[in-house]
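Student:
There are 4 protein chains.
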Amino acid sequence: VSEQTIRPTTYAYTFGRYEEPVATVRPGEIVAIYTEDAFNSRVKSTADLPTKVNRWPYLNPQTGPIWVEGAHPGDTLVVELLSIEPTRDFVVSAFIPGVGGIVASENTPMLNEPLPEQVFIYPLQNGSVHLSDSVRIPYEPFLGTIGTAPEIEAVSSLTPGPFGGNMDIPDVAPGSTIRIPISVEGGFFFIGDAHAAQGDGELCGVACEMTACVRLRVGLEDGQVVGVPQIESPTDIMAVGSAKPLEDAVRIAWVNLLEILCRQYGLSRAEAYQLVTQAGRMRVGNVVNPKYSVAARIPKTLLPEPVLRVRG
Amino acid sequence: VSEQTIRPTTYAYTFGRYEEPVATVRPGEIVAIYTEDAFNSRVKSTADLPTKVNRWPYLNPQTGPIWVEGAHPGDTLVVELLSIEPTRDFVVSAFIPGVGGIVASENTPMLNEPLPEQVFIYPLQNGSVHLSDSVRIPYEPFLGTIGTAPEIEAVSSLTPGPFGGNMDIPDVAPGSTIRIPISVEGGFFFIGDAHAAQGDGELCGVACEMTACVRLRVGLEDGQVVGVPQIESPTDIMAVGSAKPLEDAVRIAWVNLLEILCRQYGLSRAEAYQLVTQAGRMRVGNVVNPKYSVAARIPKTLLPEPVLRVRG
Amino acid sequence: VSEQTIRPTTYAYTFGRYEEPVATVRPGEIVAIYTEDAFNSRVKSTADLPTKVNRWPYLNPQTGPIWVEGAHPGDTLVVELLSIEPTRDFVVSAFIPGVGGIVASENTPMLNEPLPEQVFIYPLQNGSVHLSDSVRIPYEPFLGTIGTAPEIEAVSSLTPGPFGGNMDIPDVAPGSTIRIPISVEGGFFFIGDAHAAQGDGELCGVACEMTACVRLRVGLEDGQVVGVPQIESPTDIMAVGSAKPLEDAVRIAWVNLLEILCRQYGLSRAEAYQLVTQAGRMRVGNVVNPKYSVAARIPKTLLPEPVLRVRG
Amino acid sequence: VSEQTIRPTTYAYTFGRYEEPVATVRPGEIVAIYTEDAFNSRVKSTADLPTKVNRWPYLNPQTGPIWVEGAHPGDTLVVELLSIEPTRDFVVSAFIPGVGGIVASENTPMLNEPLPEQVFIYPLQNGSVHLSDSVRIPYEPFLGTIGTAPEIEAVSSLTPGPFGGNMDIPDVAPGSTIRIPISVEGGFFFIGDAHAAQGDGELCGVACEMTACVRLRVGLEDGQVVGVPQIESPTDIMAVGSAKPLEDAVRIAWVNLLEILCRQYGLSRAEAYQLVTQAGRMRVGNVVNPKYSVAARIPKTLLPEPVLRVRG
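If you read the sequences in order, they're chains E, U, B and V.
Adding 5 to a residue's 1-based position in the first sequence gives its number in the numbering used here.
Adding 5 to a residue's 1-based position in the second sequence gives its number in the numbering used here.
Adding 5 to a residue's 1-based position in the third sequence gives its number in the numbering used here.
Adding 5 to a residue's 1-based position in the fourth sequence gives its number in the numbering used here.
Take a look at the structure:
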């Protein structure tokens with residue numbers, strides 16, 4: 006049985022229901038999806054400044070929308086990430102004026118002068134990204150952006166939200182299962198923004214950006230435990246909050262993880278609140294996007310058997 | 006010459022370019038536009054709880070989109086607000102679970118229980134809103150929501166941004182001129198959410214909501230001085246910042262007002278920064294929407310003649 | 006009867022109970038208090054750069070602590086501000102690297118380069134501050150800093166809090182009465198930081214700073230209606246919130262004003278919440294200090310007679 | 006040679022220079038310091054509600070101040086943490102009205118009702134904390150609070166800052182070395198608030214609180230690389246930012262870690278900014294204190310040999 010391969014001729018720059026689906030998948034099907042990099046592959050050398058070779062807001066192109074057969078509002082999309090393979094031997098990063106978490110930016114404007122624009126091209130070889138001859142960091146690929154269409158909005162692919170989007174959470178990686186609320190018929194599934202590696206917060210706003218081939222299995226579950234993206238890694242369960250300020254992202258992530266612990270695992274509110282206080286972990290995906298994303302998490306070893314079975 | 010009257014049969018729930026225009030206006034034309042209230046006129050008594058009579062996110066309906074002849078991306082829409090007349094003799098407000106600036110909310114979730122839902126119907130008589138037999142506040146009408154379509158996004162009518170939207174700035178009132186960047190052909194102009202009165206911050210999230218007939222003159226200017234909404238009242242010029250956290254809304258508002266003072270009024274950066282530090286005023290429109298809005302302002306009496314004339 | 010005059014030989018740089026009182030006042034007594042400017046009067050020309058002539062954190066000197074006879078923890082200090090007179094004919098402002106609300110700062114550090122340091126000396130003549138030959142703004146003096154000692158902390162005079170401190174609220178002006186919680190025996194009252202004028206937010210961090218003679222009457226009331234500073238102007242009552250982020254300052258201000266409306270004026274919680282939503286105003290004192298300050302306010306004309314009489 | 010043991014008769018509730026030192030240590034000396042728990046050991050059963058058995062703000066008692074011989078302003082205190090041993094066989098946690106990161110609180114007040122107060126007593130046995138018969142989490146002890154005296158302030162032991170204080174960073178653990186700026190003669194060193202375990206963010210505001218005996222070696226270095234606490238664990242170097250909003254804590258942490266990478270390890274600004282963007286990690290200590298704390302970190306394996314040697 007050959008897998009379906011999705012190679013779009015056009016890319017989407019919003020998460021929304023207004024564009025024509027580029028493909029259709031059935032629940033249970035494994036597909037191989039090709040994704041562009043955040044700069045539309047137009048940054049190939051240090052001379053290709055992002056502000057010259059791209060026009061805002063046409064950044065971070067997504068492969069999609071993909072129509073999921075049988076997906077109805079109120080369902081949950083279940084994405085098992087199987088592999089993320091690079092389709093070239095280098096990654097790109099850049100300092101871009103007005104972008105970043107520890108510089109004056111479009112979202113946090115200041116009177117200070119911006120830092121100069123600068124491009125970084127790093128070889129991707131032997132399972133590592135070569136920041137320099139002496140500094141190599143492991144290839145730990147994940148999808149910066151994954152999501153479905155909101156009910157009425159069309160949201161820039163630079164922005165995350167309850168529908169997923171540009172969360173930049175490194176746990177959206179091979180071996181993890183991601184659950185995302187479905188708000189429209191067909192779900193309108195999108196992915197993009199593969200990263201070969203990224204630090205917490207994605208500080209300068211541009212990770213190790215790459216083009217990729219992503220293999221995943223798509224599924225559906227009836228109902229939604231919570232209204233935000235959930236990640237199940239081999240070791241942990243997580244809920245993702247996307248908001249500004251960062252403390253609201255933190256609150257959304259934890260309040261939803263508590264809801265999962267109570268509804269799905271049968272803990273009392275007090276048990277759940279104590280458990281996350283004493284043993285929870287959180288990871289900051291990004292502090293650079295129009296909304297920040299945080300993944301609240303708890304090890305599965307600390308949880309009882311689920312009492313609620315969502316039905317696939 | 007009779008004015009055009011716009012009474013939509015359908016309403017818009019997003020600011021975006023994806024819906025069919027409901028009318029067309031020419032620059033210089035005066036139009037009378039009818040607007041719904043934030044609850045689709047379904048809250049008529051204290052028994053009509055908003056969460057029962059409305060389905061989220063179908064709130065705050067807008068009249069539009071209105072096609073503006075000759076409007077091109079890069080232009081500025083100029084709206085002279087002439088009058089806002091109520092079309093009924095009462096206004097409504099409500100406490101809604103998960104809504105408000107000083108309660109746990111959807112945007113700032115907490116483990117605390119929500120306050121009970123409650124509706125308030127206030128008579129609108131003799132130029133005042135009757136909060137009670139003894140407490141009357143002046144009728145000071147304005148448009149809570151006004152804007153154009155963003156370039157690629159479709160943004161919920163509950164949210165403000167550089168395109169305008171749900172700013173809840175009381176200076177968007179008769180006698181003021183509002184300038185809004187145009188990002189798409191035809192502009193896609195929307196208005197709605199008329200308020201008979203509102204306190205700073207719109208704390209519980211629901212002002213004195215009314216249905217209205219709004220008379221205004223639409224114009225166009227070439228170019229954009231800044232990329233955010235500007236308001237010129239009889240006394241002040243203002244720039245509006247919409248963002249979270251609130252300090253980023255403050256920063257966007259002031260950095261853009263400085264830009265106006267420098268580019269349009271010829272002040273040096275240091276003169277402008279000193280002038281706003283010593284004599285600027287700011288008004289907080291709302292602290293309840295998905296983004297907060299702040300209007301930074303300076304009295305026109307403190308300004309020289311403009312050096313830059315935008316061309317109408 | 007001659008008034009007591011307080012001319013300190015030493016100044017305080019913290020609000021706290023650890024320093025020796027420089028004077029004692031009795032409730033009901035009118036005193037004339039001399040205050041230094043924020044730069045210890047060491048900035049007298051544009052060549053006197055603040056970072057050269059002052060050593061951090063020895064800024065914003067306060068006159069005090071002043072021992073208030075009979076002041077006990079749990080009481081309220083009542084300060085009637087009678088007049089603020091300048092004691093020289095100029096004011097100073099400055100751009101200081103790392104200071105300001107719309108620049109990278111010590112509190113919000115960024116990788117961007119700071120703006121150059123620059124001093125501004127403005128004549129204070131004929132009831133106005135002369136920003137330039139053509140731009141004059143009215144002399145509207147107030148105390149940027151006023152407060153008592155916290156129970157156990159000693160807080161930099163640059164920082165505001167529930168004890169008052171560096172709030173930069175322009176309503177702390179002649180004609181207003183300020184109420185501040187007392188936390189230690191004797192109260193330990195401090196004032197300083199007189200401003201000849203200031204815009205909302207005090208954007209660059211330095212208002213029209215002046216030396217002054219301040220006349221005021223000190224009183225005491227049993228008990229505390231709320232635990233934050235309250236201001237009663239000729240027209241309004243206000244509660245001040247000081248915090249970061251700015252939305253928390255907003256929340257503290259409004260939640261305390263509601264408490265005043267309920268406890269002191271007999272409104273129900275719903276009446277109070279509706280009243281401030283529809284008719285409240287707020288003023289942002291500063292967005293530059295280690296905590297920001299906001300005054301939430303409501304006109305006295307909209308209030309019934311108080312039901313709670315605090316006892317003087 | 007017998008080690009010095011410090012068992013205070015009085016405890017400190019502020020970080021400041023206003024109290025008498027309880028002991029003196031010499032650089033190079035190993036000391037055993039006993040610490041109280043955050044509730045002054047008054048919570049021993051689930052009936053001992055914190056708001057009944059403690060009086061605010063007398064919480065989180067610190068052992069100190071400890072005079073460090075030869076410590077001068079401008080030096081760095083170097084603390085090698087050797088061991089943290091519990092001195093009883095249980096830990097305590099609690100839900101306290103007005104405390105916590107995902108509830109309405111004193112710092113983020115809301116109109117919602119607080120959650121009920123509740124105490125949790127957990128056995129500490131066989132290297133784990135027994136949250137219940139079935140849920141055990143590993144004993145991973147650390148000091149929630151450690152610091153020196155600020156130059157002029159006395160800061161509540163509930164609050165963190167550049168002087169250290171109540172950071173709640175789990176890496177302040179045996180095997181780590183903590184560097185803290187010294188601002189006053191003698192340093193005035195304090196520790197307390199030992200935790201047997203804690204989740205990221207310390208969500209309900211109370212970790213697994215215990216009394217402890219802490220062994221550590223105190224040292225001094227000339228000069229300060231940066232003005233915030235630094236942690237060196239067996240694997241990582243870290244800089245700690247403490248501030249609100251949380252994004253400012255993030256900014257302080259990263260800007261200071263970049264400064265360390267540039268000054269101490271000889272990286273260029275661009276190299277350092279890229280390295281942390283692609284490979285940095287961050288840990289959120291708490292989102293409940295008057296300021297939040299974040300530790301920005303980078304693995305030592307990715308760093309070259311230091312070029313700057315601070316002198317011990």
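For every residue, glycine included, the Cβ atom is placed at its ideal position computed from N, Cα and C.
Could you check which residue in B/Leu129, B/Thr150, B/Arg302 and B/Asn117 has the C-alpha nearest to that of B/Val140?
Tutor: B/Leu129
Student: Name the residues in the stretch 101–115 of chain V whose C-beta lies less than 7 angstroms from a C-beta of chain U; which are they?
Tutor: Ile107, Val108, Ala109 and Met115
Student: Is the shortest distance between the beta-carbon of V/Glu156 and the beta-carbons of chain B less than 9 angstroms?
Tutor: yes
Student: Just to confirm, is the Cβ distance from U/Ile174 to U/Val245 under 9 angstroms?
Tutor: The answer is yes: Cβ separation under 9 angstroms.
Student: Terminal residues of the continuous alpha helix (DSSP H) containing E/Arg302?
Tutor: Per DSSP, E/Arg302 belongs to no alpha helix (DSSP H); it is in the beta strand (DSSP E), Tyr297 to Pro304.
Student: For V/Arg286, go through chain E and note every residue whose CB falls closer than 8 angstroms to its CB, in chain order.
Tutor: Chain E residues near V/Arg286: Gly204 and Asp205.
Student: Can you check which of these residues, V/Ser247, V/Pro239, V/Val160 and V/Leu308, is closest to V/Leu64 by C-alpha distance?
Tutor: Nearest to V/Leu64 by alpha-carbon distance, out of V/Ser247, V/Pro239, V/Val160 and V/Leu308, is V/Val160.
Student: Tell me which residues of the stretch 276–310 of chain U have at least one Cβ-Cβ distance to chain B shorter than 8 angstroms, keeping chain order.
Tutor: Glu276, Tyr278, Gln279, Leu280, Val281, Thr282, Gln283, Ala284, Gly285, Arg286, Met287, Val289, Val292, Tyr297, Leu307 and Pro309
Student: Count Cβ pairs between the stretch 100–119 of chain B and the stretch 205–222 of chain B that sit closer than 8 angstroms; are there 3 or more?
Tutor: yes
Student: Taking B/Arg268 as the query, report the chain V residues whose CB atoms sit under 8 angstroms from its CB, ordered along the chain.
Tutor: Those do not exist, as B/Arg268 stays about 14 angstroms from chain V at its closest Cβ, beyond 8 angstroms.
Student: Could you have a look at U/Arg278 and say whether DSSP puts it in helix, strand or coil?
Tutor: Arg is not the amino acid found at residue 278 of chain U; the sequence shown has Tyr there. Three-state result, U/Tyr278: helix.
Student: Around the Cβ of U/Trp61, are there at least 16 other Cβ atoms within 10 angstroms (buried) or fewer (exposed)?
Tutor: exposed
Student: Can you tell me the Cβ-Cβ gap for V/Ile126 and V/Thr51, rounded? I've got them flagged as a contact below 8 angstroms.
Tutor: Yes, V/Ile126 and V/Thr51 are in contact; Cβ-Cβ is about 6 angstroms, under 8 angstroms.
Student: Anything in chain B within Cβ reach of V/Arg256, meaning under 8 angstroms, just list it in chain order.
Tutor: Thr113, Pro114 and Met115
Student: My parser needs the beta strand (DSSP E) runs of 3 or more residues fully inside the stretch 69–97 of chain V; what are they?
Tutor: Listed in chain order, they are 81–91.
Student: Per DSSP, what are the beta-bridge partners of U/Thr240 in this structure?
Tutor: Partner(s): none; U/Thr240 has no beta bridge.
Student: How is U/Asn59 classed by DSSP in three states: helix, strand or coil?
Tutor: coil
Student: Looking at chain U, is there any beta carbon in it that lies within less than 9 angstroms of the beta carbon of V/Leu129?
Tutor: Among the CB atoms of chain U, none fall inside 9 angstroms of the CB of V/Leu129.
Student: Run down chain V in chain order and give the residues with a C-beta less than 7 angstroms from the C-beta of U/Pro91.
Tutor: What U/Pro91 touches in chain V: nothing, since even the nearest Cβ is about 30 angstroms away.
Student: Using a Cβ-based criterion (distance less than 8 angstroms to any ligand heavy atom), does U/Gly246 qualify as near the ligand MG?
Tutor: Ligands displayed in this structure: none; no statement on the ligand MG is therefore possible.
Student: Apply the 10 Å Cβ neighbour rule to E/Lys249 and answer buried if 16 or more other Cβ atoms are within range, or exposed otherwise.
Tutor: buried
Student: Among V/Thr19, V/Ile35 and V/Asp53, which has the Cα closest to the Cα of V/Ser88?
Tutor: V/Ile35
Student: Could you check which residue in E/Gly170, E/Asp94, E/Lys49 and E/Pro78 has the C-alpha nearest to that of E/His135?
Tutor: E/Asp94
Student: Where do the ends of the beta strand (DSSP E) carrying B/Asp253 lie?
Tutor: Where B/Asp253 is concerned, there is no enclosing beta strand (DSSP E), although the alpha helix (DSSP H) it sits in stretches over Leu251 to Arg268.
Student: Would you decide whether E/Gly166 is buried or exposed? Buried here means 16 or more other CB atoms lie within 10 Å of its CB.
Tutor: Under this definition E/Gly166 is a buried residue.
Student: State the Cα-Cα distance for the pair U/Gly79 and U/Ile187, rounded to the nearest angstrom.
Tutor: 6 angstroms
Student: With DSSP run on the structure shown, which of helix, strand or coil describes B/Ala378?
Tutor: Since the displayed chain B opens at 6 and closes at 317, residue 378 of chain B lies outside it and no answer follows.
Student: Can you list, in chain order, the stretches of the beta strand (DSSP E) that have 3 or more residues and sit fully within the stretch 178–251 of chain B?
Tutor: For the beta strand (DSSP E) assignment, the uninterrupted runs of no fewer than 3 residues enclosed by the stretch 178–251 of chain B are, from N- to C-terminal side, 182–186, 194–200, 217–226, 235–237 and 241–248.
Student: Taking C-beta to C-beta, are V/Thr29 and V/Phe195 nearer than 9 angstroms?
Tutor: no
Student: Measuring straight from C-alpha to C-alpha, what distance separates B/Ile38 and V/Leu272?
Tutor: The straight-line gap from Cα to Cα measures roughly 54 angstroms.
Student: Give the residues from the stretch 210–228 of chain U that approach chain B closer than 9 angstroms (Cβ to any Cβ), ordered along the chain.
Tutor: Gly210, Val211, Ala212 and Cys213
Student: Within 9 angstroms of any Cβ in chain E, is that where the Cβ of V/Trp72 sits?
Tutor: no
Student: Go through its chain and collect everything with a Cβ distance to E/Arg286's Cβ below 6 angstroms, but skip five positions before and after it.
Tutor: Arg302
Student: Among all the DSSP beta bridges, which residues are the ones paired with V/Phe44?
Tutor: The partner list for V/Phe44 (beta bridge, DSSP) is empty, contrary to what the question assumes.
Student: I believe V/Glu41 touches V/Pro66 by the beta-carbon criterion, under 8 angstroms. Please report the beta-carbon distance rounded to the nearest angstrom.
Tutor: 5 angstroms
Student: Compare the beta carbon distance of B/Pro146 and B/Pro91 with 9 angstroms and say whether it is the shorter of the two.
Tutor: yes
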